[in-house]
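Step one of this worksheet: look at the structure below.
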Amino acid sequence: MSPDLALQQALLAHLRADPALAALLGDPPRIHDAPPQARVFPHLVFGRAETRPWGGLDGEGLEHALTLTCLSHFDGAEEAKAVIAAVRARLHGADLALDGHRLVNLRVAYADVFRAPDWRPVVGVVRLRAVTEPL
Numbered sequence: 018m019s020p021d022l023a024l025q026q027a028l029l030a031h032l033r034a035d036p037a038l039a040a041l042l043g044d045p046p047r048i049h050d051a052p053p054q055a056r057v058f059p060h061l062v063f064g065r066a067e068t069r070p071w072g073g074l075d076g077e078g079l080e081h082a083l084t085l086t087c088l089s090h091f092d093g094a095e096e097a098k099a100v101i102a103a104v105r106a107r108l109h110g111a112d113l114a115l116d117g118h119r120l121v122n123l124r125v126a127y128a129d130v131f132r133a134p135d136w137r138p139v140v141g142v143v144r145l146r147a148v149t150e151p152l
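Okay, so the sequence shown: first residue is 18 according to this note's numbering, each after it adds one.
Next comes the structure, spelled out in structure tokens:
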């Protein structure tokens, strides 16, 4: 399995197992790999994923930058902020098991909550930085 896919699958499983996110996003939590056909809010979607070589000793490591986006139709930013806070708490520094790879580290690099240009929905963005290497 590719390191990108192994990382995303581990992140998805870890997020879906979180009771705090289940309370915010429904049970099972509305966390998707692509924008859902049935738009039920709030939901969390995996977005952009970048991968580049990471200069470990053997040169086989990869640095990943992943974006998760929360969309909320709540009247204020409270709901999106709560989802983003739960994602940060769940993932920052998490030690995840990856299929065929080792997670060297996982950090929240950036988070932002803002209104879409048409004032609907409220958007929350979390940018993750992870480093993986083969087993």
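Note that the Cβ used here is the ideal one computed from N, Cα and C, for glycine as well.
1. Find out if the Cβ-Cβ distance for the pair threonine 86, valine 125 is shorter than 7 Å.
2. In the structure shown, what three-state DSSP assignment does glutamate 80 receive?
3. For aspartate 116, I'd like the list of residues in its chain whose CB is within less than 6 Å of its CB, leaving aside the five on either flank, ordered along the chain.
4. Just the C-alpha distance for arginine 119 and aspartate 135, rounded to the nearest angstrom, thanks.
5. Ignore the nearest five residues each way along the sequence and tell me which others in tryptophan 71's own chain have a CB closer than 6 Å to its CB.
6. Quick one: what's glutamate 67 bridged to in DSSP?
Let me spell this out:
1. Result no, Cβ atoms of threonine 86 and valine 125 do not sit closer than 7 Å.
2. Assigned with DSSP and collapsed to three states, glutamate 80 falls in strand.
3. Met18 and Ala23, listed in sequence order.
4. Arginine 119 and aspartate 135 have their C-alpha atoms roughly 42 Å apart.
5. Excluding sequence neighbours, tryptophan 71 sits near Gly78, Leu79, Glu80 and Val148.
6. BP columns for glutamate 67 point to Ala82.
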